[in-house]
Ligand SMILES: *Cc1c(COP(=O)(O)O)cnc(C)c1O
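Residue numbers (my numbering): 1302 to 1789.
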């Protein structure tokens, strides 16, 4: 038996690289990261490809080790070189994220030390660090002391935690689901509908509230709907409003919605996944009036704080309610219950074991200080306003004046189908690849979006985007002209 154990030990010790080996790997990986970052401002935001990274499928996981010299080029060619490049300065599609460098160092340290950040007993320091970040965000929103929440993997899970909490706190049991009413607009992010389904509310009444011309929830219509629903014996219990919608960046009239939620005793949840961190900009605070009156809020540091993908947050005032929906006491956890200075993330989330994701937020915020974050957020607002003017000079029709840093626009050619023309224009821009734009469909109209939130996007990139759009129009117009010219 001892022989067997020793033999296995010899092989299993290879999981612990020598300092020399570690150093060699570190150097190679760092070199790769440096190459990636040094040229980042010249990298395309979108790369078309014939095989979509398919060569990756040929690499088998084998018994024997492979070298970084084999693996890194494979990554470079098939992962980093294909499709959307969210790190690129020209990324203006969807809701751009970030990837400020110190966050990568935070992830590295979190992975090396592998702190157990799910339970206070296991890593009081890690939990304190995360809870402090959550309290900082609560303070930003204007939530009272005692509020808390959870660092989740993103806005989708954050919204799910809020919806689950609201469901339980408002005592919606399975027998009540059919009569339970939830109020949304058609501009709410689709992850909310997804969360409702996951939370067992598929058969609930989802009532869509009309919007004004700015795609904001019509609060008067909301109140009228609540009244009718109450008269009909239904049970309204939840309003989900947006502070920065994905399509147009619109902020719902939060203060008026808060009045209605209060008056009728409904849970008021705000999805601020995209827009929340604009509260760091003093001049924008007034747009969010009433946000502090919500019961819960989702906010995405991997959007507005320019962190890499994988960190969103749910903030709640009634922490006890979230705890009641999410905690669990298992026999094998009995040692962990003795210490409880801080609530454990595992008690406020579906997750137990989790990545120590607070470190990737804590390190950049302290290392860089808040100033550049605030400046970058304000800059994105102005870049969007600048684009709003300039794109009209190119002959584009625009949607509503942007509340934040997202806007919609489209070209209306004289005698062509506008939807088809704009779809082709987006394809032209994606094929060019230096900037990336995405589009949306609102009431049957095809709109191109501009979402300025990548921390690397500055004036140069916005001007480049305008230039590419201009070239695209010329190109498409020439093409239609050619198609029209009768063959001689
Ligand atoms: C991005 C986004 C979400 C979804 O968040 P993920 O982090 O992608 O899971 C939800 N709501 C809004 C408004 C968003 O912009």
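Here a beta-carbon is modelled for each residue, glycine too, at the ideal position from N, C-alpha and C.
With fewer than 16 other CB atoms across the displayed protein chains lying within 10 angstroms of its CB, residue 1628 is exposed. Annotation for residue 1773: the continuous alpha helix (DSSP H) segment containing it runs 1760 to 1785. Excluding residues up to 5 positions away in sequence, 1396, 1398, 1574, 1575 and 1754 lie with their Cβ nearer than 7 Å to the Cβ of residue 1604 in the same chain. Not a single heavy atom of ligand 1 lies less than 7 Å from the C-beta of residue 1548.
Between ligand 1 and the CB of residue 1396, the shortest heavy atom gap is smaller than 7 Å.
Between ligand 1 and residue 1706, a heavy atom-to-CB distance of less than 7 Å is absent. Minimum Cα-Cα distance from residue 1473 among the listed residues 1535, 1446 and 1420 corresponds to 1535. Here residue 1710 is near residue 1749, since their CB atoms are less than 8 Å apart. For residue 1685, the Cβ stays outside the 7 Å cut-off from all heavy atoms of ligand 1. At the C-beta level, residue 1401 and residue 1737 stay beyond 8 Å of one another. Residue 1612 is classed as buried because its beta carbon has at least 16 other beta carbons within 10 Å across all chains shown. Under the three-state reduction of DSSP output, residue 1409 falls in the helix class.
With a cut-off of 7 Å, the C-beta of residue 1604 is classified as near ligand 1, since at least one heavy atom of the ligand falls inside that distance.
Residue pairing by DSSP puts residue 1450 in a beta bridge opposite 1616.
A straight-line Cα-Cα distance of about 30 Å links residue 1644 and residue 1545. The beta carbons of residue 1467 and residue 1326 sit no closer together than 8 Å. In the structure shown, residue 1348 adopts extended strand secondary structure according to DSSP, grouped into three states. A heavy atom of ligand 1 is found nearer than 7 Å to the CB of residue 1492.
Per DSSP, the beta-bridge partners of residue 1748 are 1741.
In the three-state reduction of the DSSP assignment, residue 1562 falls in the helix class.
Remark: the shortest separation between the CB of residue 1575 and any heavy atom of ligand 1 falls under 7 Å. Counting every other CB atom within 10 Å of its CB across the protein chains shown gives residue 1408 a total of 16 or more, marking it as buried.
Residue pairing by DSSP places residue 1756 opposite no residue, since no beta bridge is assigned to it. Counting the other CB atoms within 10 Å of its CB gives residue 1484 a total of 16 or more, which places it among the buried residues.
Between ligand 1 and the CB of residue 1545, the shortest heavy atom gap is smaller than 7 Å. By the C-beta density criterion, residue 1761 is exposed, having fewer than 16 other C-beta atoms within 10 angstroms. In terms of side-chain proximity, the C-beta atom of residue 1613 is found nearer than 7 Å to a non-hydrogen atom of ligand 1. Residues of the same chain with their beta carbon placed closer than 7 Å to that of residue 1310 are lacking, with the five preceding and five following residues left out of the count. Taking all protein chains in view, the Cβ of residue 1655 is crowded by 16 or more other Cβ atoms within 10 Å, so the residue is classified as buried.
Note: residue 1543 is bridge-paired with 1572 in the DSSP secondary-structure output. Of the heavy atoms belonging to ligand 1, none sits nearer than 7 Å to the Cβ of residue 1423. Residue 1451 has its CB no nearer than 7 Å to any heavy atom of ligand 1.
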